[in-house]
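Sequence order for the protein chains is A and B.
Just so you know, we're using the numbering used here here: the first sequence kicks off at 193 and counts up by one.
Just so you know, we're using the numbering used here here: the second sequence kicks off at 193 and counts up by one.
Ideal Cβ placement from N, Cα and C applies to all residues, glycine included.
All values derive from a computational prediction rather than experimental measurement.
There are 2 protein chains.
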Amino acid sequence: MVSALVNGAASDRIDILDRGFQYGDGLFETIKLADGVLEFWNRHMARLLAGCARLHIPAPDVTLLRGEAQKLCAGATRGVIKIVVTRGAGGRGYRPPEPAKPNRIVALFPSPDYPDSFANEGVRVRLCETRLSEQPLLAGLKHLNRLEQILARGEWNDDGIQEGLMADNEDSIIEGTMTNLFIVREGALHTPDLSRSGVEGIMRGVVLDLARYLGITTNIRRIARDELGAAAEIFLTNSIVGIWPVRKIDGRVYGIGPIVGKLNAALAKSAKD
Amino acid sequence: MVSALVNGAASDRIDILDRGFQYGDGLFETIKLADGVLEFWNRHMARLLAGCARLHIPAPDVTLLRGEAQKLCAGATRGVIKIVVTRGAGGRGYRPPEPAKPNRIVALFPSPDYPDSFANEGVRVRLCETRLSEQPLLAGLKHLNRLEQILARGEWNDDGIQEGLMADNEDSIIEGTMTNLFIVREGALHTPDLSRSGVEGIMRGVVLDLARYLGITTNIRRIARDELGAAAEIFLTNSIVGIWPVRKIDGRVYGIGPIVGKLNAALAKSAKD
C-alpha cells in the first residue's frame with residue numbers, strides 16, 4: 193500500500209537504533225502530488241534544510257531526494273510524498289553522534305479521501321483541551337516530536353469534526369492539530385505568531401504571499417482565544433488540503449466570506465513548483 | 193553489538209510506519225543489569241504501565257517483557273536492557289489508530305564505561321541554555337519525544353563535563369539531561385517538582401524512599417536556579433549510574449557530604465527487584 197525508499201533502497205524498515213525512532217530526533221515533510229506535480233517542492237525543501245540547520249543535522253542532498261520522490265511517483269498523478277530525515281543511528285544516550293550519518297526515508301501514500309464539501313462548504317472544528325507547550329528552539333519546525341498533536345487528536349472520535357484548535361498556556365490560539373489558522377477581521381488577514389510553538393506550514397506561507405500579492409493586509413501576531421468570536425471568516429491551511437473554510441467552531445457558526453474565495457482563486461492560478 | 197527482540201522475534205529493524213518512528217508516539221525504559229539482576233524491574237514496569245495509561249497505549253504484557261529481557265540477558269551479568277513500547281503502525285496523520293497494535297522492542301546494550309571516580313569523587317556539571325518546556329500532560333513520563341534533551345546535550349563537547357542541568361522558563365531547575373537532581377540543605381533532601389516538566393526517574397523514587405527510611409526529611413518542590421549556590425551537597429541520580437555526587441557546577445565547587453554517603457550505603461544494601 194505504501195512504497196518507500198530508505199536511503200535510496202526499496203524498504204519498509206528502519207534500524208531500531210535510528211534516533212528518529214529512539215528519540216524523535218529528526219524532521220519530516222508531507223508534499224502533495226497532484227497532476228503529477230510535487231506541489232511547492234522548493235518551499236518544502238527550504239523548510240527541511242532550515243530545520244536540519246536548527247537541529248544540527250547534516251542536510252540531505254535535495255537533488256537526491258527529488259530523484260527518489262520522482263521514482264516513487266512514476267505513473268502516479270495523485271498522492272502524498274512523505275520525507276523523513278533523521279540524525280541516523282546512534283548508541284544509547286542523547287549526545288548527538290559526531291559525525292552524524294542521517295537516514296532519509298521517502299514514501300508515497302495515497303491521497304486522503306476528504307469530500308469536496310470540506311473545501312466548498314467548510315469544516316467543523318473544536319477547541320482542544322491539550323495545550324501546546326512553548327519551546328522557541330523547536331517552534332516552527334516540522335520535527336518528529338508530535339505527542340502533543342497526538343493527545344489533542346485523541347480527544348475526539350466524532351467523524352463530523354474535522355479539526356481541533358490548540359492554544360498555548362496563555363490562551364493564545366496557535367494552530368490546528370494538522371493545519372494552520374487564519375482569521376479575517378475588517379478585511380485583513382491575521383495568523384498566529386509561531387515563534388514559541390507551532391509548525392510553520394508551507395501552505396501558510398503560500399497564503400501569506402498570495403494575500404500580499406492581492407493587496408490584503410496580513411498580520412502575524414498573538415491571537416487570543418476570545419478573538420475567534422470576533423472573526424468575519426476563519427480558515428485552515430495545510431499542504432495537502434489547501435484551504436479549508438471553517439463553518440463551525442463548537443457552537444459558533446461562520447460564513448464562507450469573500451477573502452477565502454479570493455485566496456482560493458489565486459491559489460488555483462498560482463505556480464506550484 | 194546490540195541484540196534485540198522486536199515483538200519477540202530477533203530483529204534490529206522496525207516498520208517505518210511505526211508511530212514511534214513517525215511521531216515519537218511511545219515510551220521507553222532503561223534498566224540496569226548487574227550481577228544478573230534486572231534492577232528495580234517492578235518499578236520500571238509500574239512507570240511503563242502508568243505511561244501507557246496516560247498516553248492511551250494498550251499496556252504490554254509485563255510477563256512477556258520479562259521473559260524477553262531474560263532471554264537477551266542469558267549468560268550476561270552486566271549491561272543495560274532498553275525497552276521501547278510504541279502505539280504501533282498507523283497511517284499518515286496524528287489520529288491514534290483504534291484499536292492500536294503496540295510494538296515492543298527489547299534490546300541489550302553494553303554497560304556504559306563510566307570511571308569509578310564519577311561515583312566516588314563526583315562529576316562536573318554545567319547549566320544548559322536549552323530550557324524544558326512545560327507540558328503537564330507529558331511531565332514525568334519517559335516518552336519518546338526527546339528533542340529538548342538532545343539540544344541540551346548537544347551544547348557541550350568537553351568530555352570533562354558529565355552532565356548538564358536544565359531549567360524551565362521560570363528559572364526553576366528541573367533535572368539533568370539524563371539524570372534527576374537532589375540538593376541537600378540543613379540536612380534535608382530537596383528535589384524538583386516534576387508535575388510540569390521532566391522525567392520521574394526510577395532512581396529518584398528509590399532515593400526518596402531510602403531517605404524516608406533513613407529518617408531524612410524529603411521535599412519535592414520548586415527549586416530556583418539561584419538556590420544551587422546555597423546547597424551543602426548536590427547529587428544526580430539515574431537507574432544506570434545510581435548516585436553521582438556533584439563536585440562542580442560551572443565555577444562553583446561542592447563537597448561530597450554525609451547524606452550522599454548514607455544514601456549510597458543504604459542503596460548498596462537494599463533489595464533491587
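Residue i, buried or exposed, once every other Cβ within 10 Å from all chains shown has been counted against 16
i	result
N234(B)	exposed
G200(A)	exposed
K224(B)	buried
S309(A)	exposed
V317(B)	buried
P384(B)	buried
G356(A)	buried
R279(B)	buried
A202(B)	exposed
L406(B)	exposed
T369(B)	buried
Y446(B)	buried
CB contact below 8 angstroms: residue i versus chain A
i	result
L357(B)	no
M395(B)	no
N372(B)	no
S325(B)	yes
P288(B)	yes
I342(B)	yes
G200(B)	no
T429(B)	no
H236(B)	no
G390(B)	no
I206(B)	yes
A196(B)	yes
I297(B)	yes
G243(B)	no
S209(B)	Strictly speaking, residue 209(B) in this sequence is Leu, with Ser absent from that position. Judged by the 8 angstroms Cβ criterion, L209(B) is in contact with chain A.
L225(B)	no
F301(B)	yes
G271(B)	no
Residues of its chain near residue i, where Cβ-Cβ distance is below 7 angstroms and the 5 sequence neighbours each way are ignored
i	result
T322(A)	E340, L343, A344, E347, M358
K334(B)	L219, F220, E221, R239, G243, V391
A424(A)	V376, R377, G449
R404(B)	T410
D351(A)	none
Same chain, Cβ closer than 6 angstroms to residue i, neighbours up to 5 away in sequence not counted
i	result
P289(A)	G282
P437(B)	G314, F427, I448, V452
E231(B)	K224, K464
S303(A)	R270, G271
L197(A)	E260, V298
G332(B)	L386, E392
I353(B)	R316, R318
R396(B)	N372, T429
Chain B contact for residue i (CB, 8 angstroms cutoff)
i	result
G216(A)	yes
G379(A)	no
I366(A)	no
G285(A)	yes
H382(A)	no
N456(A)	no
K461(A)	no
F310(A)	no
N411(A)	no
G212(A)	yes
Short Cβ contact (8 angstroms threshold) for residue i with residue j
i	j	result
I208(A)	D204(B)	yes
K274(A)	R284(B)	yes
V376(B)	I435(B)	no
F220(B)	L336(B)	yes
V277(A)	F301(A)	no
N456(B)	N372(B)	no
H382(B)	N349(B)	no
R444(A)	G421(A)	yes
L478(B)	V298(B)	Residue 478(B) cannot be examined here, being either before or after the span of chain B that is shown, 193 to 465.
R338(A)	G216(B)	yes
I394(A)	H236(A)	yes
I206(B)	I441(A)	no
F213(A)	F213(B)	yes
Below-8 angstroms beta-carbon distance, residue i vs any chain E residue
i	result
L264(B)	Reference to chain E is not applicable here, since the protein chains of this structure are A and B.
Same chain, Cβ closer than 8 angstroms to residue i, neighbours up to 5 away in sequence not counted
i	result
G228(B)	C265, A268, T269
D360(A)	R323, L324, S325, E326, I366, R388, S389
L402(A)	L455, A458, L459, S462
A380(A)	I408, T409, T410, N411
Any non-hydrogen atom of the ligand HEM closer than 7 angstroms to residue i Cβ
i	result
Y215(B)	Although the ligand HEM was asked about, the structure shown includes no ligands whatsoever.
>> Count Cβ pairs between the segment 413 to 428 of chain B and the segment 351 to 365 of chain B that sit closer than 8 angstroms; are there 3 or more?
In response: yes
>> For the structure I just gave you, are there three or more beta carbon pairs, one from the segment 251 to 266 of chain B and one from the segment 284 to 298 of chain B, closer than 8 angstroms?
In response: yes
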